[in-house]
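Residue numbers (the working numbering): 4 to 775.
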Ligand code: C2E
Ligand code: CA
Ligand code: CA
């Protein structure tokens, strides 16, 4: 997580440090040269001043050189001392006097003094050591106190190649002081003169005069001589460290000019510079580190935040939103991410057709709703809504319409939901809801209201639709496994579907039992269709007037020992749902036609066969029927196809046309259970039926119900008008029979005449009748 930030920081900090280090090296290399330059400069100054002093001494020396060429001087003539020499001394500013000395050291000076200098240095140097010249160290003149310090420049006097005496010049130190004292330099720098013994011989401070420069030896005297360039040393003065730069006085190599500086003051600017530089560098590095931190932080922060968001999304949390407020590439990335996540979310969470939660999301969200404390004490339920015949609707009206209808239903359902209730798309045409109310009754009422709302007709793509839905409900008790509840609601919904749809079913244990039973039955039925475990029973149809059997209706019987009591109508519906009706229907046709042949041996009858509308969808049915009729050597006139009125209404135009071709081939058509559906008159008149079978409900009610009688007689008149033969079904009593007979009903069928019986029973009966 912190890697990026650390990397960024290190990179930036490293870069800044490298730049700083380079900078430091350059500056330091300059700084290092600073004292060096100072030293070199100081040495140069020292040398220049030393040269000045040297030439000053040389000046006096040159004068002496000139004077000793004078014959009176060479003869040590005293007259010259009070004459020319005195005049010279008076005019020379720094020469206090001249002294003429003989070889015994007897001296006579231009200021009229006589004394002996045999003990003095110049005498030693010139007379004893035979040096041509001698320069003394300065000293306090013992003769005239006020004159200050002096030094002596002495010169041998040679006459005819023989040393005859010495000529002295006593020079005031002022001559040099003016040079030395004029040296005023930075860093408390000043100059002074020392001799070989490091005794200070000229100094601006009279106190220091004739004192040792410092105790101990001039530790690098030798070096001075060897290395004229680098004449520097360190010494102490009044407790202060001073640095000296010296240069030898050429004309008097015993003397050295020293330029003295306050060591601290010299290094001060250097040290200051270094210090300033170090402080500056530290501040700079500090700032750089801060800047690097700030930079890496400000750069990495949004990236890290973005990465955190990505991570969350990767972990499946699609509710994250990246901060896209930045106006740079990171902001762009965040914006793209947000768009992407929105799309993913849409695709992941929602069903694209209805806009509802998809099942996955519904199941994910459901627990949150179920366990919400605010609805803890309310009655909760899972509701599953399934559109009836949606597949058919899709095939007939097209998928676009189908999708729009789903969306419409979704909207209706959603609008009905309250707080903390959700709906999701379940499977196919189904929606799953989680609802709650104060109690079971309220919940039921709300579900029923929704059910009614769904039935409101609406327009889709120019067509008007009214939905029929199967609704399964199961109560979700606290601490119940909600998946179990969903399963139960599904079972309840299935139950509705099986019962014909368009109703609400509330789950109970009985339903579950029923369902299992049904499943077993379904499996058994599929097996029975394969094994042909069926039989056809026949019920005679009587010509009312002639009181004679004219035909038989074939009625299916399932031979399975467990399911013999299951109503045939349910077996047929089941076969339709399980898709085995075609096989079963084909078997019924084969069986009924072959049995008709056997019955015809006894009397001239026709066979009425019940046809499921689903059979009409298949071309095979038409081909098969014609083939079998021909195969059995039967005429289509002897075969009547019974289609129930309700089924007829849902028959497509295409199938009706195919049915018509059968009619044209000579097959007879009967409209079954007439009165239960809503066939329009126009419909009845266009499709050329031969028979109309009045549903037995009307017949059984006729006895005590005038209305039922009226209906029957109306149907009969309708039949007459449309030229249809009318069959009364379910005639059970003599009274009923008499009534229909009185109404001129053409045919009668029912228990009153005979119950449906196996072929063999009928054949047996016919055989015995024939015998009698
Ligand atoms: P449906 O076509 O109306 O058949 C007449 C039904 O009325 C038969 O019931 C018959 O047993 C019953 N019935 C006849 N006379 C009386 C009577 O006097 N009183 C009473 N209470 N009932 C009487 P079943 O055999 O149980 O068949 C029920 C329905 O199952 C049939 O009604 C028909 O719609 C369907 N069905 C039966 N066999 C077939 C078949 O082979 N194919 C097809 N597609 N449907 C069949
Ligand atoms: Ca029938
Ligand atoms: Ca019927």
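Cβ coordinates follow ideal geometry from the N, Cα and C atoms, glycine included.
Here the structure is a predicted model, which is why all the values come from computation and not from measurement.
* Cβ-based neighbour list, residue 315, same chain, cut-off 6 Å, excluding 5 preceding and 5 following -> 323
* Kindly examine ligand 1 and report whether one of its heavy atoms sits closer than 6 Å to the Cβ of residue 370. => no
* Compute the Euclidean distance between the alpha carbons of residue 285 and residue 345, then round it to the nearest angstrom. => 50 Å
* Helix or strand or just coil, what does DSSP make of residue 80? -> coil
* Drop a sphere of 10 angstroms on the beta-carbon of residue 531, count the other beta-carbons inside from all chains shown, and report buried for 16 or more, exposed for fewer. => buried
* **Three-state secondary structure assigned by DSSP to residue 9** => helix
* Count the other CB atoms, across all protein chains shown, that sit within 10 Å of the CB of residue 77; report buried if there are 16 or more and exposed otherwise. => buried
* Output yes or no for whether 7 Å exceeds the beta carbon distance between residue 102 and residue 171. => yes
* According to DSSP, what are the bridge partners of residue 119? -> 109
* Buried versus exposed call for residue 1 [16 or more other C-beta atoms within 10 Å across all chains shown] -> In this structure the chain extends from 4 to 775, so residue 1 is not present and cannot be described.
* From the DSSP output, read off the bridge partner residues of residue 249. => 261
* To do: Give a yes or no on whether the C-beta atoms belonging to residue 396 and residue 419 are separated by under 7 Å.
  => no
* Asked: Excluding five sequence neighbours on each side, which residues of the same chain lie with their C-beta closer than 6 Å to the C-beta of residue 221?
  -> Here the model assigns residue 221 a pLDDT of 49, short of 50, so the residue's position is not dependable and the matter cannot be decided.
* **Terminal residues of the beta strand (DSSP E) in which residue 553 lies** => 551-561
* List the endpoints of the continuous beta strand (DSSP E) containing residue 667. => Per DSSP, residue 667 belongs to no beta strand (DSSP E); it is in the alpha helix (DSSP H), 656-668.
* Closer than 6 Å from C-beta to any heavy atom of ligand 2: which residues, in chain order? -> 556, 613, 645 and 675
* Between residue 563 and chain C, is there a C-beta pair that is closer than 7 Å? -> In the structure shown, chain C cannot be found, because there is only a single protein chain.
* Asked: Hey, residue 690 and residue 644 are a contact pair by Cβ (cut 8 Å); roughly how many whole angstroms apart?
  -> Wrong, their Cβ atoms sit about 12 Å apart, outside the cutoff.
* To do: Taking only heavy atoms of ligand 3 into account, decide whether any of them is closer than 6 Å to the Cβ of residue 648.
  => no
* Helix, strand or coil for residue 192 per DSSP? -> strand
* Figure out for me which residue from 296, 337 and 328 has the closest Cα to the Cα of residue 310. => 337
* To do: Could you please give me the residues that DSSP links to residue 645 through a beta bridge?
  => 613 and 673
* Asked: How far does the alpha helix (DSSP H) with residue 335 in it reach, from first residue to last?
  -> 332-352
* Start-end ranges of the alpha helix (DSSP H) lying completely within the region 558-602, minimum 4 residues -> 571-581
* Run the proximity test for residue 743: is its beta-carbon closer than 6 Å to any non-hydrogen atom belonging to ligand 1? => no
* Is the Cβ-Cβ distance between residue 3 and residue 56 less than 7 Å? -> An answer regarding residue 3 cannot be provided, because it is not within the stretch 4 to 775 covered by the chain.
* Asked: Excluding sequence positions up to five away, which residues of its chain have a Cβ less than 7 Å from the Cβ of residue 433?
  -> 387, 388 and 389
* Asked: Should the region 489-509 be called in touch with the region 547-562, which here means at least 3 C-beta pairs below 8 Å?
  -> no
* DSSP-derived helix/strand/coil call for residue 95 -> coil
* Asked: Measuring CA to CA, which of 476, 421, 416 and 466 is closest to residue 455?
  -> 416
* residue 732 Cβ short of 6 Å to ligand 3 heavy atom set -> yes
* To do: Taking only the alpha-carbon atoms, compute the straight-line gap between residue 593 and residue 441 and give it to the nearest angstrom.
  => 60 Å
* Quick one: grab the DSSP three-state call for residue 283. => helix
* Could you check what DSSP says for residue 736 in three-state terms: helix, strand or coil? => coil
* **Check: residue 442 C-beta below 6 Å from any heavy atom of ligand 1** => no
* Asked: Going by other Cβ atoms of all chains shown within 10 Å of its Cβ, with 16 needed for buried, is residue 738 buried or exposed?
  -> exposed
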